[in-house]
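Each residue of the sequence shown is one higher than the last, beginning at 12 in our numbering.
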Amino acid sequence: MPDGVLSNQKKINQGKITKLDALIIGAGFSGLYQLLCLRDKVGLSVKVVEAGDGVGGTWYWNRYPGARCDSESHSYSYYFSDEILKEWKWSERYPGHAEVVRYLNFVADKLDLKRDINFNLRVCSATYNASENVWAVETEQGECFECTYLITAVGCLSSTNIPTFPGHESFEGEWYHTGQWPHEGVDFTGKRVGQIGTGSTGIQAVPVIAETAKHLTVFQRTANYSVPAKNGPLSKEFQEYLDANRADIKETIRTTPNGHPFVISERKVFDVNDAEREKIFEEAWEHGGLGFRACFQDIAFDKKANDVAADFIKRKIRSIVKDPKTADLLTDIDHPYATKRPPIDTNYFETYNRDNVDLVDVRSSPIECITPKGVKTGNAEYELDIIVFATGF
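Shown next, in the form of structure tokens:
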């Protein structure tokens with residue numbers, strides 16, 4: 012590998028250099044597992060540097076209202092340890108962010124990982140010296156490391172995307188990005204809130220914000236398909252099923268696309284008649300979750316088959332949303348089902364039946380700027396007390 016530099020161009024005051032075999036950036040799921048493998052299985056000298064003051068990775072930062080895993084909890088787990096699988100019991104089908112953080116703390120404590128994690132350190136540059144086969148890594152806090160192996164376990168959900176709308180800095184109210192949510196939370200009571208973005212995060216946040224906000228204006232550029240999560244507590248019987256079938260579940264997760272705990276059906280959309288197909292879709296909708304796309308084998312490969320699935324979801328949306336114009340906006344979807352990350356939700360579409368929630372189409376009338384009082388589109392200005400950017404990474 013040639014000489015190279017990774018840098019965020021922030022100046023630091025170089026301090027004492029810690030020499031290691033390996034340095035890992037990030038203390039989320041992958042960073043913790045890398046630490047375990049390199050330290051305990053390979054025997055390397057290794058440290059983790061983590062910008063936050065605790066483990067959790069993306070779940071440490073993403074604490075927005077409604078933040079919840081959209082993979083089923085029994086699959087969103089480490090499978091390398093039977094002991095951990097037996098000891099940890101998830102409370103819900105889809106765990107909230109706080110429970111995921113508790114789980115990762117449980118794992119880190121049980122495996123004594125925290126002694127090799129340096130918290131509150133943000134890497135600002137990494138320079139590779141090919142002649143010496145060593146990385147020189149600097150942090151904003153002035154701590155420096157040299158290592159042979161540098162692992163960036165930062166994932167794809169760590170660098171927030173805040174749109175560069177003109178006038179952003181002029182806004183007189185509060186604004187937040189869902190990926191950098193205040194740990195103390197945000198009180199929406201009595202506030203006029205504008206949320207920009209309706210992807211997976213936005214779909215989770217809308218129903219929760221609407222419960223306490225005086226008024227919520229949702230700015231939608233891209234409508235999305237969403238299937239109900241049907242979240243709920245895990246029953247004692249299901250826990251017993253998990254304990255008795257861990258090996259089979261692990262094999263399913265490892266051998267199916269996306270690592271989910273369900274098997275994609277071998278039947279195709281047009282292998283059954285209309286009535287049977289509708290029944291299958293209804294059952295999948297009532298079961299909820301990402302398994303909806305697995306009820307037919309060819310939804311992801313055959314456009315005509317996908318159109319049938321998409322039509323079913325759009326009909327469901329229209330049956331939920333009472334206002335025809337709002338339903339039109341929510342079903343004006345510009346992509347086939349599941350070709351973008353398919354969200355799952357809890358009362359997302361139902362929320363648009365509330366008197367304190369409005370949907371604004373910014374595809375036809377884009378946001379022009381942020382004003383001191385709110386958000387201005389090509390058609391109107393919306394006065395707001397709080398702006399929530401659910402605009403991803």
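Glycine included, C-beta positions come from ideal geometry on N, C-alpha and C.
Report all residues from its chain with a CB closer than 7 angstroms to the CB of T150; omit the five preceding and five following residues, and keep chain order.
Excluding residues within five positions, the ones whose Cβ falls inside 7 angstroms are I23, V60, L132, R133, V134, C135.
Suppose contacts are defined by Cβ-Cβ distances below 7 angstroms. Is G178 in contact with I381 by that definition?
In contact: G178 and I381 (Cβ atoms closer than 7 angstroms).
Alpha carbon to alpha carbon, what distance is there between V66 and V112?
Rounded to whole angstroms, V112 to V66 spans 7 angstroms at the Cα level.
Taking the C-alpha atoms as reference points, what is the distance between P347 and N235?
Roughly 10 angstroms between the two C-alpha positions.
Assumed close pair F230, I214 - CB separation to whole angstroms, cut-off 8 angstroms
Their Cβ separation, rounded to whole angstroms, is 14 angstroms, which puts F230 and I214 out of contact at 8 angstroms.
Give the straight-line distance between the Cα atoms of E361 and L245, rounded to the nearest whole angstrom.
Taking the straight line joining both Cα atoms gives about 24 angstroms.
Check whether the Cβ atoms of H108 and A78 lie closer than 7 angstroms to each other.
Yes.
Could you name the residues of the same chain whose beta carbon sits closer than 8 angstroms to that of K241, not counting the 5 residues immediately before and after it, in chain order?
R104, E297, H298, G299, G300, listed in sequence order.
Using the Cα positions of I95 and A216, report the straight-line distance between them to the nearest angstrom.
About 31 angstroms.
Expected contact under 8 angstroms - CB spacing of G37 and V165 to nearest Å:
Going by Cβ atoms, the distance from G37 to V165 rounds to 5 angstroms, so yes, they are a contact pair.
Looking at the strands, I want to know which residues DSSP matches up with S200.
The question names Ser, but residue 200 in the sequence shown is Thr. Answer is A224, bridged to T200.
Looking at the structure shown, is P244 part of a helix, part of a strand, or coil, going by DSSP?
In this structure, P244 counts as strand in the three-state DSSP scheme.
Evaluate R326 with the Cβ neighbour count: other Cβ atoms within 10 Å of its Cβ, from every protein chain shown; 16 or more gives buried, anything less gives exposed.
When all chains shown are included, R326 counts as exposed.
Do the segment 39-55 and the segment 356-371 make contact, defined as three or more Cβ pairs closer than 8 angstroms?
Of all C-beta pairs linking the segment 39-55 to the segment 356-371, fewer than three are shorter than 8 angstroms, placing the two stretches out of contact.
Using the three-state DSSP reduction, which class does H188 fall into: helix, strand or coil?
DSSP places H188 in strand when its eight states are reduced to three.
If you compare alpha carbons, which of W72, K30, D32, G54 is closest to G39?
Comparing alpha carbon positions, the residue from W72, K30, D32, G54 closest to G39 is W72.
Along the alpha helix (DSSP H) that carries V111, what are the first and last residues, could you check?
Here the alpha helix (DSSP H) through V111 covers 108-121.
For F303, the three-state DSSP class (helix, strand or coil)
Helix.
Start-to-end residues for the alpha helix (DSSP H) that takes in T362
Annotation: the continuous alpha helix (DSSP H) that includes T362 extends over 359-362.
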